[in-house]
Amino acid sequence: MKENKKTVSSIAYEKIKKKILRNELDFGQQLLEDNFSSELRISRTPVREALIMLEKEGLITRSQGRGFCIQRFSVKDVDDFYHFRNILETASTDLIISNITKEDINELHKVLEKVNTIIEKGHPAEAMAAGLQFHVRIIEICQNDMIVRSLKNCYDKLILVTWSYYQIESCIKSAKEHEEILEVLETKDLDKLRMRTRQHLDSARKRTLDIFKVDTQRLYIMP
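Under our numbering, think of the first position of the sequence shown as 71, with each following residue one higher.
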C-alpha cells in the first residue's frame with residue numbers, strides 16, 4: 071500500500087519534534103534519516119521532509135557530517151526570545167481585546183485549570199509547556215496567522231532550552247501571573263492588559279535567565 075507522504079511526514083514531524091522539545095535526544099547526536107525511519111517504521115522520504123520542516127523552524131541545523139543536529143542557543147538568544155515576545159504580544163493586545171469572546175474566556179480558564187493540575191502533580195517542565203499553551207490560545211484570538219506562527223515558533227524554542235531545568239516554584243509564580251492576565255481579559259481593559267503582559271514577560275524573562283546564570287553549559291545552551 072502506497073504511503074500518504076503528507077500524512078506520514080506530518081506524523082514523523084510531530085514525533086521527532088516532541089523528542090527534541092522534551093530533551094530526549096542528546097545535544098551533538100546526529101539526527102539521521104535511517105535511525106528515525108527504523109524507529110518510526112516508515113520510509114526515509116517522510117522523515118527527510120520532517121527534518122527539513124524542523125530545520126526551517128530553527129529547531130535543528132545541518133551537522134558537519136551527515137544528517138542534522140539539535141540547534142544550540144545562547145543566553146543572548148533566550149533574552150532575544152523574550153524581547154521578541156514582548157513586542158508581538160503587547161502589540162497584539164488591541165486585536166485580542168476586540169476579538170475575545172465568552173467562549174474564549176472559558177477555554178482559557180480550562181487551560182489554567184490544567185496547568186494547576188500539572189503543578190500539583192509536581193511536573194514543572196510539563197507545567198511550563200502547558201503554561202505556554204495559555205499564551206498560544208490568547209494569541210490565536212488576535213486572528214493574525216503571521217503573528218501566531220512566529221510566536222508559536224518562539225514558544226517552541228523556549229520549551230527546548232528550559233525543559234530539563236524549569237522549577238516548580240517558577241511554575242507557581244507564572245500561573246499566578248496568568249490568572250491576573252485572565253482577570254484583565256475578562257474586563258477588556260486594554261491599558262491594563264498591556265501592563266500585565268509586559269510585567270509577566272519581564273518576570274518570565276528573569277526567571278528563565280536565572281536558570282542559566284550559574285552554568286551556561288547546560289543542555290542546548292552555549293555562552
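Just so it is clear, CB atoms sit at the ideal spot from N, CA and C, and this is done for glycine as well. All figures in this text were calculated on a predicted structure; none of them were measured in a lab.
Membership of residue 268 in the alpha helix (DSSP H) is indicated by the continuous run 260 to 281. When DSSP reads this structure, residue 130 sits in a beta bridge with 140. Of the candidates 263, 244 and 136, the residue whose Cα lies closest to the Cα of residue 276 is 244.
For the 7 Å CB-CB criterion, residue 166 and residue 211 form a contact. The C-beta distance from residue 189 to residue 242 rounds to 6 Å, short enough to meet the 8 Å contact threshold. Cβ contact annotation for residue 79 (same chain, cutoff 6 Å, sequence separation greater than five): 116, 119 and 120, in chain order.
Annotation: residue 113 to residue 229 spans about 29 Å, alpha carbon to alpha carbon.
About 31 Å separates the CB atoms of residue 95 and residue 157; that is not less than 8 Å, and the two are not in contact. One Cα belongs to residue 213, the other to residue 150, and the distance between them is close to 24 Å. In the structure shown, the three-state DSSP call for residue 95 is coil. Counted as a single uninterrupted DSSP element, the alpha helix (DSSP H) harbouring residue 160 occupies residues 145 to 161.
Taking 8 Å as the upper bound for CB-CB distance, residue 225 and residue 202 are in contact here, some 5 Å apart. Look at residue 102 here: in three-state DSSP terms it is coil, with no helix or strand label. For residue 186, the enclosing alpha helix (DSSP H) covers residues 172 to 190.
Between residue 238 and residue 221, the C-beta gap is not smaller than 7 Å, which leaves the two residues out of contact.
Counting only the Cα atoms, residue 137 lies some 11 Å from residue 106. Restricting attention to 231, 177, 144 and 232, the CA atom closest to the CA of residue 206 is found in 177.
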